[in-house]
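Each step along the sequence shown adds one to the number in this note's numbering, with nothing skipped, and position 69 is 69. Glycine is no exception: its CB is placed at the ideal position from the N, C-alpha and C atoms. Nothing here was measured: the structure is a model prediction, and the numbers come from that model. Structure first, then comments.
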Amino acid sequence: HDKREFVCNMSVEHKSHDGHAHAQNHAMPMPMKRRMPQKRIPVTILTGFLGSGKTTLLNHILDDSTHGLRFAIIENEFGEVGIDEKIISEKSDEELIEVMNGCLCCTVRGDLVDSLKKLYSKISQFDAVIIETTGLADPAPVAQTFFVDDDIQSKFVLDGIITVVDCKHIIARLDEEKPEGVENEAVEQVAFADRILVNKTDLVDGKEITAIEARLRTISPEAPLIRCTHSKVDPMSLIKINAFSLDRVTAMDPEFLDTDAEHEHDESVSSLAFKFDGVLNINKLQDLISDIIQNYGANLYRYKGVLNVAGMSKKFVFQGVGMLFSGDFTTEWQPTDNKECRFVFIGKNLNKKTLTDGFLACKCDAVLRFKVGDEVLANVGGPSNPWAAGKIIKIWDQGNPYRIELADGDKTNVWGPIDTDYYVKAK
């Protein structure tokens, strides 16, 4: 509520018994210039389990031209090497993107407070803040930040918690048994939601969607459910909705404001994140991803990367959940970009050495053994003799080291996918 400030110090003339006029102060109210209240910036928390579609939703919000809002982004990742800030829409202002690696709901909460205070100094540049948490974060301690820190509470207001669920995997995540004392993050993310995006409805049938929504209702009976594919929803149904209710949350979780409450993670869940300079062979990578999916399956909660592929001018962005993998070339590398390869894998009981060795084996030398015009033998996989004579007509063609024209009369073109004697050798 606005309050008028009054100054109780008004000077008036008063005649004393000697007949002279003297200034005397009387306590009379006088309205003065109104003090403007400090602007509180609305904050939206995007949460949801790994691979549910949070970053896709964030990009839709940033790319939408109808809301006319400017956002500051706080991006949280579980691993040591960030990926999401590399695939956030290029329409966002990089100066207003803060990235924190670690568990936002415990180890880097102090960093969250620092980031929010730093962003407030740039208040003229944005209208709202969006925090995208890691998929392994319990949203409660993140939301708690806006009520237990007086400075943050005076500058920001928690507008709402938006939870994205993946129809294909959410039931398995909700049913997952955790060690004693460890919260099921997927359950907590649904329970604290002010809006629930029932995402990836194209991957399940109608009966499954109905069953999923019924299950979500048992955890969060009040939050509106919004069905969508590829996280496409109207941003204004999620932003500046004034939906977060402290009364509702404390009724559900009486210890919500207890800053001393313990917070534990499942120790069997870990992340593997690394990066290296140079280029990799896309065909080696696809073989590796196929092996990883077969070996880890449902225990592979989330994997993604931004890659510098040999022979290509565009970034290759891949991501997956469990057995579902997708990847494609996106935007052009810019002259100012650090052309490196970044990966992160999150899952249960990961063999970090095997995964690291596998990715390092995908590195390749941009300088090839053969040049255009060289005559070679190409492995075309024939039943008796797999080798066919041909000539190199192009190098680094669509990520393949060699394009070869066979000497078969039809000038058939084949690719040499990897620069080894197994695929291409000297004639």
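Asked	Found
From I346, G320, L246 and I292, residue whose alpha carbon lies closest to that of F458	With the chain covering only 1 through 427, there is no way to say anything about residue 458.
Separation of C167 from A243, as counted between CA atoms	24 Å
Member of S326, D150, G135 and L136 whose CA lies at the smallest distance from the CA of L116	D150
Top-ranked residue by Cα proximity to V424, from P401, G322 and K363	P401
M169 burial status per 10 Å Cβ neighbour count (16 or more: buried)	It should be pointed out that residue 169 corresponds to His in this sequence rather than to Met. Buried is the call here.
Three-state secondary structure assigned by DSSP to A389	strand
Length-filtered (4 minimum) alpha helix (DSSP H) runs lying within the region 31-71	54-63
Reference G358; option with closest CA among K155, I196, N283 and D114	N283
Residue from A378, I392 and I393 whose Cα sits closest to the Cα of P386	A378
Burial state of D159, where buried means 16 or more other Cβ atoms lie within 10 Å	buried
Segment limits, alpha helix (DSSP H) that includes G206	G206 to I219
Pairwise C-alpha distance: D291 and S449	This structure cannot settle anything about residue 449, because the visible part of the chain is limited to 1 through 427.
From W415, I418 and D64, residue whose alpha carbon lies closest to that of L238	D64
Backbone secondary structure at R369 - three-state DSSP	coil
Under 9 Å between C-beta atoms of C364 and F276	no
Sub-9 Å separation of I393 and V380 beta-carbons	no
Reference P235, options I130, K314, D138 and T210, closest by Cα	I130
Y296, enclosing beta strand (DSSP E) - first and last residue	That residue, Y296, is in no beta strand (DSSP E); its alpha helix (DSSP H) goes I282 to Y296.
Which listed residue (L136, L112 and L368) has its alpha carbon closest to that of D397	L368
Residue span of the alpha helix (DSSP H) that contains K155, given as start and end	D150 to K155
Segment contact, 8 Å Cβ cut-off, at least three pairs: the region 60-76 with the region 121-130	yes
Cross-strand partners of L158 (DSSP beta bridge)	V43
Terminal residues of the alpha helix (DSSP H) in which I171 lies	I170 to D175
Nearest-angstrom beta carbon gap, T47 and T133 [assumed within contact, 8 Å]	5 Å
Whole-angstrom C-beta distance between A310 and V376, which should lie under 8 Å	Not confirmed; about 19 Å, so no contact.
Beta strand (DSSP E) segment containing A426, residue limits	V424 to A426
When A140, L62 and K352 are compared against S271, the one with the closest alpha-carbon	K352
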